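A quick write-up on the structure given underneath.
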Amino acid sequence: MRRLFLFLAVSCGLTATAQPLPYKNPQLTAHERAVDLCGRLTLEEKAKLMLDESPAIPRLGIKKFFWWSEALHGAANMGNVTVFPEPVAMASSFNPALLYKCFDVASTEFRAQYNHRLYDLGGEDMKMRSLSVWTPNVNIFRDPRWGRGQETYGEDPYLTSVMGDAVVRGLQGDPLIGETGQHKYRKLWACAKHYAVHSGPEYTRHSANLTNVPVRDFWETYMPAFKHLVTKSDVREVMCAYQRLDDDPCCGSNRLLQQILRDEWGFKYLVVSDCGAISDFYDSHKSSSSPVTASAKATLAGTDVECGYGYAYRSIPEAVRRGLITEAEVDKHVIRLLEGRFDLGEMDDPSLVEWSKIPYSAMSTKASANLSLDMARQTIVLLQNKNNILPLKKNAEKIAVIGPNAHNEPMMWGNYNGTPNHTVTILDGIKKKQKKLVYMPGCDLTYDKVMECHMATECVAPDGKKGLKGTFWTNTKMEGKPFTTEYYTQPLAVTTNGMHVFAANLPIEDFSAKYETTFTPKEAGEYVLNVEGTGQFSVFVNGERKASHRIWRSTPTRTVLQATAGQQFKIEVQFQTVKTWGAGMKINIARELPINYQQTIAQLKGIDKVIFVGGIAPSLEGEEMPVDIEGFKGGDRTNIELPKVQRDFLKALKAAGKQVIYVNCSGSAIALLPETENCDAIVQAWYPGQEGGTAVADVLFGDYNPCGKLPITFYKSTSQLPDYEDYSMKGRTYRYFNDALFPFGYGQSYTTFEVGEATATVDGDDITINTTVKNTGKRDGTEIVQVYIRNTADADGPLKTLRAFQRVDVKAGQTAQTELQMNRESFECWDAETNTMRVMPGTYEVLYGNSSQNLKRMTLKIQ
């Protein structure tokens, strides 16, 4: 009997031991598991997990994890992915259902590469390849000078909310509103950024203190999209912004992160800092004295994860020891971030996680390329079409394609981009439609000179061969035996984007290069050494360092060489990759000559129609960039006109009697008033993604009827804009400005539409606007019906504000019915008396039509 009891006791003990620890039990909730695991961590381990680069803790089975990836318009910072148009372009589709599909592809490709690396190859998590994706950017594009406005969904809070909702759901694997289906694990965690008010300038973002934001604009313009994504989209992360708001850094603002975000909106998940934002507390804002006090301030305010470089959060244990924060406070943050990792299935056996079954073959498929093409077509906005010059007839006559963006692959990709397996430039797309064609670049984006290259005739490599010698190593320190060498007698332009290599069989990461030559000009004069790189590079002339950069954005350098005939210049450029981002290098040794428009135009004899593809590029506008040339500063723009070299070229083409079809590529509004006179047609193509060239050509030649609508206002000139650093909305956007060149919501078609008289049906809190759309032209087409409201008693309120829209496909000669849905919440506005957003009873104008300017009116009483 005693032996039996001992056996039973031992058996029971084994059974108890075999039970998984609570945090390892997938039957428990993510929160229960996170609480248990947090209780097993030391304070030092907790602090490390609060960094975006969270290290492994092997004793507890915690793997390395990164809280930072990007998917602005497709999976970013990796190759073999699908690149969709820039977000501001996709906003012009007014098609959230299609946008959802695009981000479903992006999340699928994220999971596919993650699964392949971790489960097929037995690797580990990597920066920019993880399951925490810091998208979407739902800041308001309040001023066209802001370089990062291209990342947003435009200037309107409602459109931004609707499109942002589709992005979040597509990334997280959640169904669209009105659809069913739920999963145990999230596909990814999406992130609403940059909270709050963030909208430039780029060059002051680390030190700015926004004290001039009117309270009404704060609630009606800057906050609605964040509120929508938190309360209706179930977004799992919110990123706090760099700047201060009313003296408090956003990442240390109790008002923003606790009172509004968590207490008022009920946000339960993760707040992450923008990268370096907490270091800014003591480096730039001077609101904290040290990393210790900064980490305490951010932690107490509610920032769960620090993305950074110096990592103030490494000081959290010291802050606890000093009594600035308690370990219980730290636990709140750690539980939230662990809950996120459990919610993603990252802690569980992959066989339990349905997203872990996505194969690598799901990357960059034909179907996803077709989706990118479909979206690119829907983003194109026809701004002008004099005498119906468009669509063009294929091969009816010889045409010319000119312009700096006609054959510019990186422009097509936008910013925060991945690298596709193929890219169709606008020139490529046109060539597929038109055989009778002449192409020439014509001019640079901004520079009014042409470059006469001297590399073939006056450059000699160290070993006596002509040109520039490139020596390559398969390490980042130019050490050991070189891997290979190459020689160049034409301007060098290499990139690892698109899975290209700098030299034959050279890896795309962890390599270095040295480019060497001796330049001996035959004639005296001024020459230039132009070097542009993405990565770490240094430029030397005769042993003197002229420039040095370590940057993940393409950075141009220009060294002037004042030469006498026969003078020697020993030139050396050293390059090392910056891992994780695409590397690039351009080198040219040249003489600059004035551009001669007439000489170029003389080559167009017998050609009447010219397609000029111009605008700007992501190398000029974007996030905190080292750009300081006329019209551009630090990633932003100082004026919104087309660069002078292009404007003059278009004027010269007009003077020569050419019919000009101008294709504008940009991520922001360009003031095109002179171009409306000098060009017969104007097409806004944005940064259109990997299939953009096909999409543009489809529109130009009539294989697709354009239907895009502007999500931003195109002003007539910079002079119409208020002070860039004034965050009041007065005089900005269609809501407070009505003298646009091309207004919000505007876009032409190759057919014509007529919007009928509307009626309103009220059912409780739901309001339906019923109207018709008649296609009065001879082509099938798509119209986007828009509904705006205006409180007639509100003298200080917006002129109008968008509250509903619907895409309607209508065949030629037919009429379609539309139902546009609003609800009582659509009539919320700021009430200064109660200091709340609430529905204000009264009489409202309901304005409906096909742009913010072409509208019919009806009235509606709201109780």
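Start counting at 1 in the sequence shown, then tack on 187, and there's your number in my numbering.
Ideal Cβ placement from N, Cα and C applies to all residues, glycine included.
As the structure is a computational prediction, the values presented were derived from the model and not from experiment.
Sorted by chain position, which residues of the same chain lie with C-beta nearer than 7 angstroms to residue i's C-beta, five sequence neighbours on each side aside?
i, result
"residue 1045", "945, 947, 1033"
"residue 440", "432, 488"
"residue 558", "288, 289, 292"
"residue 709", "645, 752"
"residue 457", "423, 424, 491, 492, 523, 524, 527"
Please work out which residues of its chain come closer than 6 angstroms, Cβ to Cβ, to residue i, disregarding the five sequence neighbours upstream and downstream, and give them in chain order.
i, result
"residue 283", "349, 350, 353"
"residue 1006", "955, 957"
"residue 840", "797, 847"
"residue 1053", "Shown here, the chain extends from 188 to 1050; a query on residue 1053 therefore has no answer."
"residue 479", "502, 505, 506"
"residue 280", "565, 566"
"residue 635", "782, 832"
"residue 690", "659, 671, 673"
Cβ atoms of residue j and residue i: under 8 angstroms apart, would you say?
i, j, result
"residue 264", "residue 257", "yes"
"residue 539", "residue 213", "yes"
"residue 603", "residue 642", "no"
"residue 1047", "residue 1035", "no"
"residue 582", "residue 618", "no"
"residue 878", "residue 549", "no"
"residue 375", "residue 477", "no"
"residue 753", "residue 707", "yes"
"residue 492", "residue 454", "no"
"residue 507", "residue 422", "no"
"residue 626", "residue 657", "no"
"residue 394", "residue 482", "no"
"residue 999", "residue 966", "yes"
"residue 318", "residue 345", "no"
"residue 605", "residue 262", "yes"
"residue 333", "residue 386", "yes"
"residue 963", "residue 892", "no"
Here's the rule: buried if 16 or more other CB atoms are within 10 angstroms of the residue's CB, otherwise exposed. What is residue i?
i, result
"residue 830", "buried"
"residue 920", "buried"
"residue 827", "buried"
"residue 446", "exposed"
"residue 496", "exposed"
"residue 380", "buried"
"residue 1050", "exposed"
"residue 306", "exposed"
"residue 912", "exposed"
"residue 544", "exposed"
"residue 832", "buried"
"residue 358", "buried"
"residue 667", "exposed"
"residue 236", "buried"
"residue 895", "buried"
"residue 737", "exposed"
"residue 781", "exposed"
"residue 364", "exposed"
"residue 971", "buried"
If residue i and residue j are in contact, beta carbons under 8 angstroms, what's the gap, nearest whole angstrom?
i, j, result
"residue 806", "residue 762", "Residue 806 to residue 762, Cβ: 18 angstroms. No contact."
"residue 599", "residue 876", "6 angstroms"
"residue 940", "residue 870", "That belief does not hold up - the Cβ atoms of residue 940 and residue 870 are roughly 19 angstroms apart, past 8 angstroms."
"residue 718", "residue 773", "7 angstroms"
"residue 521", "residue 852", "With a Cβ gap of about 46 angstroms, residue 521 and residue 852 do not count as contacting."
"residue 632", "residue 843", "Between residue 843 and residue 632 the Cβ distance is about 22 angstroms, and since that is not below 8 angstroms, they are no contact."
Given residue i, which residues of its chain have a CB within under 8 angstroms of its CB, disregarding the five upstream and five downstream residues?
i, result
"residue 397", "384, 430, 431, 432, 433, 914"
"residue 640", "677, 678, 775, 776, 777"
Report task. For the region 346 to 363 and the region 388 to 408, state whether three or more C-beta atom pairs, one from each stretch, are separated by less than 8 angstroms. Result -> no
* Asked: Would you say the region 867 to 884 touches the region 599 to 612, given that touching needs at least three Cβ pairs under 8 angstroms?
  -> Segments in contact, yes.
Stretch pair the region 724 to 741 + the region 756 to 770: three plus CB contacts closer than 8 angstroms: yes
Any chance the region 921 to 934 sits against the region 1025 to 1042, with 3 or more Cβ pairs inside 8 angstroms?
Taking one beta carbon from each stretch, the region 921 to 934 and the region 1025 to 1042 have 3 or more pairs nearer than 8 angstroms; the two touch.
Review point. Should the region 308 to 316 be regarded as contacting the region 244 to 257, the criterion being three or more beta carbon pairs within less than 8 angstroms?
Key: Verdict: yes, contact present.
With a cut-off of 8 angstroms, do at least 3 Cβ pairs link the region 585 to 596 to the region 895 to 906? no
Open item on the list: Would you call the region 641 to 657 in contact with the region 856 to 876, where contact means no fewer than 3 C-beta pairs closer than 8 angstroms?
Closed with: no
For the region 978 to 994 against the region 1012 to 1026, are there 3 or more C-beta pairs whose distance is under 8 angstroms?
Yes, the region 978 to 994 touches the region 1012 to 1026.
inquiry  = Tell me whether the region 839 to 851 and the region 809 to 819 touch, counting them as touching only if at least three CB pairs, one residue from each stretch, are closer than 8 angstroms.
reply    = no
Check: Is there contact here, the region 506 to 523 with the region 241 to 248, by at least three beta-carbon pairs under 8 angstroms?
Finding: Judged by Cβ distances under 8 angstroms, the region 506 to 523 makes no contact with the region 241 to 248, as fewer than three pairs qualify.
**Asked** Contact between the region 818 to 827 and the region 390 to 399: three or more CB pairs below 8 angstroms?
**Response** Taking a cut-off of 8 angstroms for Cβ pairs, the region 818 to 827 and the region 390 to 399 touch, as three or more such pairs fall below it.
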